[in-house]
Amino acid sequence: QKEVEQDPGPLSVPEGAIVSLNCTYSNSAFQYFMWYRQYSRKGPELLMYTYSSGNKEDGRFTAQVDKSSKYISLFIRDSQPSDSATYLCAMSANSGGYQKVTFGTGTKLQVIP
Amino acid sequence: DTEVTQTPKHLVMGMTNKKSLKCEQHMGHRAMYWYKQKAKKPPELMFVYSYEKLSINESVPSRFSPECPNSSLLNLHLHALQPEDSALYLCASSQLESQETQYFGPGTRLLVL
Numbered sequence: 313q314k315e316v317e318q319d320p321g322p323l324s325v326p327e328g329a330i331v332s333l334n335c336t337y338s339n340s341a342f343q344y345f346m347w348y349r350q351y352s353r354k355g356p357e358l359l360m361y362t363y364s365s366g367n368k369e370d371g372r373f374t375a376q377v378d379k380s381s382k383y384i385s386l387f388i389r390d391s392q393p394s395d396s397a398t399y400l401c402a403m404s405a406n407s408g409g410y411q412k413v414t415f416g417t418g419t420k421l422q423v424i425p
Numbered sequence: 011d012t013e014v015t016q017t018p019k020h021l022v023m024g025m026t027n028k029k030s031l032k033c034e035q036h037m038g039h040r041a042m043y044w045y046k047q048k049a050k051k052p053p054e055l056m057f058v059y060s061y062e063k064l065s066i067n068e069s070v071p072s073r074f075s076p077e078c079p080n081s082s083l084l085n086l087h088l089h090a091l092q093p094e095d096s097a098l099y100l101c102a103s104s105q106l107e108s109q110e111t112q113y114f115g116p117g118t119r120l121l122v123l
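First to last, the sequence lines map onto chains R and W.
According to the working numbering, the first sequence holds residues 313 to 425 in order.
According to the working numbering, the second sequence holds residues 11 to 123 in order.
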């Protein structure tokens, strides 16, 4: 079983839709939870990060963490064609004084105008 | 300024060549990272530098040689690479106190012939 599972998609939605992206994990030691957006042939861009269970909102983006279920989500409201990208969840745990980051495989999102 | 820059953007090299990838950040981050990313896969950690010292080597073959000349610069020296080393090489940096929030550069796309 992989430490982090993420549906690869692709996920196609019409412009304006609410998008839900999800990851599950198995390692209880994960402390920080991040979402990265990666456009084709570009480096990942940090969108949001959270430490505790609950919701964190930033503009059209909401990150949700449920540690009891080992489940995290990213919601995108009023999706735009510019949101078309691959979204990577990432989680980190302390490993010998270093926060080792484990990435999900990414979900490819396409927002259709 | 949350920018990490990488040069070159693209690199084609033969298996006998020696080349170097460069990364620079001016955010005052004291942790810097090299990742390798194959198509449709998440980034894989290669090396971590903290305070300009190599702290983690994820069992990377010796044909990859990292170097951190100062707190803003990170190099990756390449020698005698194999075609399977073709990938996107990503540099990232973070504050040591918050290693989970890493900022990535745009990457160098490497093709080994």
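Here a beta-carbon is modelled for each residue, glycine too, at the ideal position from N, C-alpha and C.
Beta-carbon proximity list for residue i, same chain, < 6 Å, skipping 5 on both sides
| i | result |
| --- | --- |
| W:TYR43 | VAL58 and ALA102 |
| R:THR414 | GLU315, VAL316 and MET403 |
Residues bridged to residue i (per DSSP)
| i | result |
| --- | --- |
| W:ARG119 | W:HIS20 and W:LEU98 |
| W:GLU76 | Here residue 76 of chain W turns out to be Pro, not Glu, going by the sequence shown. DSSP lists W:LEU86 as partners of W:PRO76. |
| R:ARG349 | R:GLU357 and R:TYR399 |
| W:GLN35 | W:VAL14 |
| R:ALA405 | R:LYS412 |
| R:ARG326 | This sequence places Pro at residue 326 of chain R; Arg is not what is there. In the DSSP output, where bridge partners are listed per residue, R:PRO326 has R:ILE424. |
| W:LYS46 | W:GLU54 and W:TYR99 |
Cβ neighbours of residue i in the same chain (closer than 7 Å, five flanking residues each side left out)
| i | result |
| --- | --- |
| R:GLN392 | GLU327 and VAL423 |
| R:TYR363 | GLN343 and TYR344 |
Local Cβ density within 10 Å of residue i, reported as buried at 16 or more and exposed below that
| i | result |
| --- | --- |
| W:TYR113 | buried |
| R:ARG389 | exposed |
| R:SER381 | exposed |
| R:ASP333 | The amino acid occupying residue 333 of chain R in the given sequence is Leu; Asp does not appear at that position. With 16 or more Cβ atoms within 10 Å of its Cβ, R:LEU333 is classed as buried. |
| W:LYS48 | exposed |
| W:LYS63 | exposed |
Same chain, Cβ closer than 8 Å to residue i, neighbours up to 5 away in sequence not counted
| i | result |
| --- | --- |
| W:ILE66 | LEU55, PHE57 and VAL58 |
contact_flag[the segment 391 to 400 of chain R, the segment 99 to 119 of chain W] where n(CB pairs < 8 Å) is 3 or more
no
Could you name the residues of the segment 343 to 362 of chain R whose beta carbon sits closer than 8 Å to any beta carbon of chain W, in the order they occur along the chain?
GLN343, TYR344, MET346, TYR348, ARG353, LYS354, GLY355, PRO356, GLU357, LEU358 and TYR361
Would you list, in chain order, the members of the segment 400 to 411 of chain R that have their beta-carbon closer than 7 Å to a beta-carbon of chain W?
Result list: LEU400, SER404, TYR410 and GLN411.
Can at least three beta-carbon pairs, one atom from the segment 348 to 361 of chain R and one from the segment 28 to 38 of chain W, be found at a separation below 8 Å?
no
What residues from the segment 52 to 71 of chain W come within 9 Å of chain R, judged by C-beta to C-beta, listed N to C?
PRO52, PRO53, GLU54, LEU55, VAL58, SER60, SER65 and ILE66
Taking only beta carbons into account, state which residues of the segment 79 to 100 of chain W come closer than 8 Å to chain R, listed in chain order.
LEU98 and LEU100
Between the segment 102 to 116 of chain W and chain R, which residues of the former have CB atoms less than 7 Å from a CB of the latter, in chain order?
GLN109, GLU110, THR111, GLN112, TYR113, PHE114, GLY115 and PRO116
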